[in-house]
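There are 2 protein chains.
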Amino acid sequence: MAQKNYTQYALLGLLTTGYHTGYSMKQMIDGSLNHFWKISYGQIYPALKMLVDKGYAEVKYTSQQGRPDKKEYYITSSGKEALKQWLKQPVQELPIEKNELLLKLFFSRQQDKPTTIKQIEIYHEKLLERYNTYEGIKKMILLESSEHKDAPFWIITLDYGLSTTHAAIDWCIKTKDTLLNLKEEE
Amino acid sequence: MAQKNYTQYALLGLLTTGYHTGYSMKQMIDGSLNHFWKISYGQIYPALKMLVDKGYAEVKYTSQQGRPDKKEYYITSSGKEALKQWLKQPVQELPIEKNELLLKLFFSRQQDKPTTIKQIEIYHEKLLERYNTYEGIKKMILLESSEHKDAPFWIITLDYGLSTTHAAIDWCIKTKDTLLNLKEEE
DNA sequence: TAAAGCATGTAACCGGTTACATGATTAA
DNA sequence: TTAATCATGTAACCGGTTACATGCTTTA
Chain D
1 MAQKNYTQYA
11 LLGLLTTGYH
21 TGYSMKQMID
31 GSLNHFWKIS
41 YGQIYPALKM
51 LVDKGYAEVK
61 YTSQQGRPDK
71 KEYYITSSGK
81 EALKQWLKQP
91 VQELPIEKNE
101 LLLKLFFSRQ
111 QDKPTTIKQI
121 EIYHEKLLER
131 YNTYEGIKKM
141 ILLESSEHKD
151 APFWIITLDY
161 GLSTTHAAID
171 WCIKTKDTLL
181 NLKEEE
Chain Y
1 MAQKNYTQYA
11 LLGLLTTGYH
21 TGYSMKQMID
31 GSLNHFWKIS
41 YGQIYPALKM
51 LVDKGYAEVK
61 YTSQQGRPDK
71 KEYYITSSGK
81 EALKQWLKQP
91 VQELPIEKNE
101 LLLKLFFSRQ
111 QDKPTTIKQI
121 EIYHEKLLER
131 YNTYEGIKKM
141 ILLESSEHKD
151 APFWIITLDY
161 GLSTTHAAID
171 WCIKTKDTLL
181 NLKEEE
């Protein structure tokens, strides 16, 4: 499997952490990986099919009383091998996050100062919300899943989100100040 | 124009900062916006055409001696209005940067510790490189373009990159330490 | 003489989102 | 009775990348 099928590797990885249905994998990603990964059902179900085609996963059909039928996927040994191969490949390039606020800011000379400051304040609020969400997830993991073998790695990724979000929050405060001291022109 | 045509707004914005050809806009983006925006010619030329169709830009053909012909685009007053309307729309949601390293880290229990640490070291190096690049661009703007009316806004966006990259670098150092103190299991 | 820079463009492809479709159970 | 949760899937669409095509000039 080529290096670029991130979606397939993400699902392959989730199979090793105890998530076995497309539905539960989506939930896991939305809940605990959402600071650095997201995914839609439109990707998940075709991707799972491809994993089976490649022999990296196997399906077990389970019919439940009063619930829709389940397709439970399990990683095969060749799937595990493929995952390990991918894990050790060094990351080739840093992500470039497209940032709408920064794009707007870049052209904000075209706009009056109060409107620009308002923009930053709204962004600031959203960052605080995000920070609290991450903290909440971290506390929950420490309380409820600290015994889970993957937990230390989950915490590490959350700390990345907490650190960079914190830095962004500080930047908001500093930037508001900079803008206030910037003389406007017509 | 809908809120989502970021590419078109980015180009519209660049028209106000003194970049008028597809080629020079691409250069500007690669050189000074690349920490939060990137673009390919495959997007630029069709998008410029659309801006003209909408009446937001006008073309002036210039033939040069010994160089290919140029198409110079200029923003119209209705284009300026559309840009302003977009600038003041608050950012609806924070960007989720898909991060390959974090994805790998999330599943790194499947891998031995030294390999994981190596991954972080490589990422660390790339972050330092990026940090230095941003610092270089900032210094260059302060030295050579400090008179440019947009310069204060360029600096602000660079500071965002510097702050968050710095935070990521600190996280690398801390995480390496955490991993070293983490007892491995088989 | 080869590579890099200037300059514009298109077609094929690909990853991902959104909307749609289905259908049962349980909690408010 | 309505909404939410569980559960799986497809088709249309869209934004963006890559590869390809052209061609002249300047620098190494």
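These protein sequence lines are chains D and Y, in that order. First residue of the first sequence? That's 1 in the UniProt record's numbering, and the numbers climb one at a time after it. First residue of the second sequence? That's 1 in the UniProt record's numbering, and the numbers climb one at a time after it. Note that CB positions come from ideal geometry on N, CA and C, so glycine has one too. If you're wondering where the values come from, they're calculated on a predicted model, not measured in any experiment.
Item                                                                                                                                       : Value
Own chain, CB closer than 8 angstroms to Y/T21, minus 5 neighbours either side, in chain order                                             : K70, K71, E72 and Y73
Own chain, CB closer than 8 angstroms to D/E135, minus 5 neighbours either side, in chain order                                            : L162
Coarse secondary structure for Y/T21, derived from DSSP in three states                                                                    : coil
Assigned exposure category for D/M140 - 16 Cβ within 10 Å defines buried                                                                   : exposed
Any C-beta of chain D under 8 angstroms from that of Y/H124                                                                                : no
Where the segment 161–183 of chain Y meets chain D: residues whose CB sits under 7 angstroms from a CB there                               : S163, T164, H166, A167, A168, D170, W171, T175, T178 and L182
C-alpha gap between Y/M25 and D/G13, whole angstroms                                                                                       : 40 angstroms
Within-8 angstroms CB hit, Y/E81 to chain D                                                                                                : no
Cα-Cα separation, Y/L101 to Y/Y61                                                                                                          : 46 angstroms
Per-residue burial, D/G79 [other beta carbons within 10 Å of its own, 16 or more giving buried]                                            : buried
Exposure of Y/L83, with buried meaning 16 or more beta-carbon neighbours within 10 Å                                                       : buried
Among D/L128, D/H166 and D/K113, nearest to D/N181 - alpha-carbon criterion                                                                : D/K113
Limits of the beta strand (DSSP E) - the one that D/Y73 falls within                                                                       : R67 to I75
Within-8 angstroms CB hit, D/Q85 to chain Y                                                                                                : no
Nearest-angstrom Cα separation, counted from D/S108 out to Y/L11                                                                           : 14 angstroms
Cut-off 6 angstroms between Cβ atoms - residues of its own chain near Y/T17, not counting five sequence neighbours on either side          : D150
Residues that D/R109 contacts on chain Y, provided the C-beta gap is smaller than 7 angstroms                                              : K149, D150 and F153
For D/V52, three-class secondary structure by DSSP                                                                                         : helix
Whole-Å CB distance - D/T164 paired with Y/A168, under 8 angstroms assumed                                                                 : 6 angstroms
Span of the beta strand (DSSP E), counted from its first residue to its last, around Y/A57                                                 : A57 to T62
Neighbour-count burial assignment, D/Y123, 16 or more Cβ in a 10 Å radius                                                                  : buried
Residue range of the unbroken alpha helix (DSSP H) whose run includes D/D151                                                               : A small correction: the amino acid at residue 151 of chain D is Ala; Asp does not occupy that position in the sequence shown. A151 to L180 is the extent of the alpha helix (DSSP H) around D/A151.
Contact set between Y/P95 and chain D, taken where Cβ atoms lie within less than 8 angstroms                                               : E97, K98, N99 and E100
Spatial neighbours of Y/K38 in its chain, beta-carbon cut-off 7 angstroms, leaving aside the 5 residues before and after                   : I29
Cβ separation of Y/L94 and D/F36, assumed to be a contact under 8 angstroms, to the nearest whole Å                                        : Wrong, their Cβ atoms sit about 12 angstroms apart, outside the cutoff.
Y/L102, DSSP secondary structure in three states                                                                                           : helix
Boundaries of the alpha helix (DSSP H) in which D/L14 is found, first to last residue                                                      : Y6 to L15
Segment limits, alpha helix (DSSP H) that includes D/R130                                                                                  : K113 to E144
8 angstroms Cβ cutoff, Y/A10 in contact with chain D                                                                                       : yes
Contact list for the UniProt domain "Transcription regulator PadR N-terminal" (11–84) of chain D against chain Y, Cβ threshold 9 angstroms : L12, G13, L14, T16, T17, S32, L33, N34, H35, F36, W37, K38, K80, L83 and K84
Whether residue 187 of chain D touches D/I137 by CB criterion (8 angstroms)                                                                : Nothing can be reported for residue 187 of chain D, as the shown portion of chain D is limited to 1 through 186.
Chain Y residues whose Cβ lies nearer than 7 angstroms to that of D/T115                                                                   : K88
DSSP three-state assignment for D/S78, whether helix, strand or coil                                                                       : helix
Anticipated Cβ contact below 8 angstroms, D/A47 with D/I75, distance rounded                                                               : About 14 angstroms separates the two Cβ atoms, so there is no contact after all.
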